[in-house]
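First comes the structure, then the notes that go with it.
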Amino acid sequence: MSKSAHPCGVLFLDKPKGWTSRKAVNHVIHMFAKPEQKNRKQRPKAGHTGTLDPLATGMLPILLGDATRFTSMGLNAEKSYEVSFDLSFQTDTLDLEGEVLVRFENVNVTQAQVEETIALFIGKIQQIPPVYSAIRVDGQRAHKMARQGEDVVMKAREVEIKNITLLSVAGSVVTLRVDCTKGTYIRSLARDIGAKLGLGGCVTALRRTSTGGWPAEMMVSIEELEEKKESCILPLQMWLRDLTDVSLDKRDAKRFVQGQRLPMTYDVQSDVLCCVTHDDWVLGTATFDPNKRVLQPERVLPTAQELLK
């Protein structure tokens, strides 16, 4: 748990098609803001953990309140998608929002051909992100530069495709399930698979089914959120579930929130990030040095001081 005047925790929004990730976050902020909180600074803080394209749907974890300090844990998490793409054409945006650049007639690929091709993309690969993306080039968003008619050169970068499962081949449309690491662009993957087949690869449907192993069943729609918003917020500890839990007594808890390093007499087995609690309240996170047996504060929640009064 985490005490706060504002909501604090995580909700797994099923982002609607056509919404930007920023619009989804702003909608959530508006829903949880009280009528008297007219100033932006007075409203609840919220942030998402990984952009979804406007045409995509699916899991968009949104952290609220003090939990926003831990968005990086979602940004770095592995993600899963279901994607459909059409081999018969390609657009400049690599999805249905763009202008058609090329068409391919009489597309006829077999399941075996697709299986053989997608196998080439499993593992660590070099991928060129789409020009129409939020990546910054020389300090500017690539998609803004492209829409202004500028010639944008995107650099290849390493991503890892953990697994690709072929779900169907229906005419020129291929549907896959993809498990991948952060930074992977599914539009680029579809483009490259299509190119390997000598065809197009325009994404026609994209859905994120999981972030960091959280199942699709955790997602709530905008409609569900509006009906029962408070019950949709999961406690911060659930978001930090993979961290080693270190529960401090009140004396050490006070030292921790003051930023002091603590000699560890607690049973901590690893040198990874720890979730630090007191009486089941989250105080923050810390790193543990197994050689020196010292707990070093990493992030301390702003409300932690209030918890210990």
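Per this note's numbering: the sequence shown = residues 611 to 919. All C-beta atoms in this analysis are idealised placements derived from N, C-alpha and C, irrespective of residue type, glycine included.
Can you tell me where the beta strand (DSSP E) holding residue i begins and where it ends?
| i | result |
| --- | --- |
| asparagine 773 | 767-780 |
| valine 784 | 783-790 |
| glycine 657 | 656-658 |
| valine 693 | 689-696 |
| glutamate 908 | 904-910 |
| serine 820 | 812-821 |
| methionine 669 | 667-674 |
| leucine 809 | Here leucine 809 belongs to no beta strand (DSSP E), and DSSP marks it neither H nor E. |
| threonine 701 | 699-701 |
Find out if the Cβ-Cβ distance for the pair residue i, residue j is shorter than 9 Å.
| i | j | result |
| --- | --- | --- |
| threonine 819 | arginine 787 | yes |
| phenylalanine 622 | methionine 683 | no |
| alanine 863 | alanine 896 | no |
| glutamine 721 | valine 779 | yes |
| glutamine 918 | leucine 883 | Sequence check: residue 918 is leucine here, not glutamine. The answer is no: Cβ separation not under 9 Å. |
| proline 739 | serine 690 | no |
| leucine 893 | leucine 911 | yes |
| serine 831 | aspartate 696 | no |
| leucine 856 | cysteine 885 | Residue identity differs from the one stated: residue 856 is valine in this sequence, not leucine. For valine 856 and cysteine 885, yes; Cβs fall inside 9 Å. |
| valine 763 | valine 747 | yes |
| alanine 756 | aspartate 702 | yes |
| threonine 887 | glutamine 847 | yes |
| aspartate 676 | methionine 829 | no |
| lysine 655 | leucine 674 | yes |
| arginine 865 | arginine 679 | no |
| glycine 660 | alanine 687 | yes |
Could you tell me the distance, in whole angstroms, from the CA atom of residue i to the CA atom of residue j?
| i | j | result |
| --- | --- | --- |
| isoleucine 639 | valine 724 | 43 Å |
| aspartate 859 | glutamate 916 | 16 Å |
| valine 620 | proline 845 | 7 Å |
| cysteine 618 | phenylalanine 898 | 25 Å |
| valine 717 | alanine 752 | 32 Å |
| threonine 630 | aspartate 663 | 7 Å |
| asparagine 901 | alanine 666 | 46 Å |
| leucine 685 | alanine 800 | 22 Å |
| arginine 817 | glutamine 737 | 20 Å |
| isoleucine 672 | glutamate 715 | 43 Å |
| tryptophan 849 | tryptophan 891 | 14 Å |
| cysteine 790 | histidine 658 | 18 Å |
| glutamate 834 | arginine 851 | 24 Å |
| tyrosine 795 | lysine 772 | 14 Å |
| isoleucine 803 | glycine 810 | 9 Å |
| valine 710 | glutamate 827 | 36 Å |
| glutamate 836 | methionine 641 | 8 Å |
| arginine 632 | arginine 767 | 25 Å |
| glutamate 726 | lysine 765 | 27 Å |
| arginine 713 | serine 698 | 6 Å |
| glutamate 840 | glycine 823 | 23 Å |
| leucine 730 | aspartate 761 | 30 Å |
| valine 867 | threonine 681 | 20 Å |
Under the three-state reduction of DSSP, which class applies to residue i: helix, strand or coil?
| i | result |
| --- | --- |
| arginine 632 | helix |
| serine 682 | helix |
| lysine 734 | strand |
| glutamate 715 | coil |
| lysine 627 | coil |
| glutamate 709 | coil |
| serine 798 | helix |
| cysteine 618 | coil |
| aspartate 899 | strand |
| glutamine 868 | coil |
| methionine 829 | coil |
| isoleucine 639 | helix |
| serine 841 | helix |
| glutamine 750 | strand |
| leucine 893 | strand |
| leucine 853 | coil |
| leucine 835 | helix |
| leucine 883 | strand |
Write down the C-beta distance between residue i and residue j rounded to the nearest angstrom, noting that I regard them as a contact closer than 8 Å.
| i | j | result |
| --- | --- | --- |
| leucine 807 | valine 693 | About 15 Å; that fails the 8 Å criterion. |
| cysteine 812 | leucine 706 | 7 Å |
| isoleucine 774 | isoleucine 732 | 6 Å |
| leucine 776 | isoleucine 728 | 6 Å |
| tyrosine 742 | glycine 708 | 7 Å |
| glycine 869 | proline 907 | 5 Å |
Locate the alpha helix (DSSP H) running through residue i, then write down its first and last residues.
| i | result |
| --- | --- |
| threonine 923 | Residue 923 is absent from the model: the chain starts at 611 and stops at 919. |
| glutamine 915 | 914-917 |
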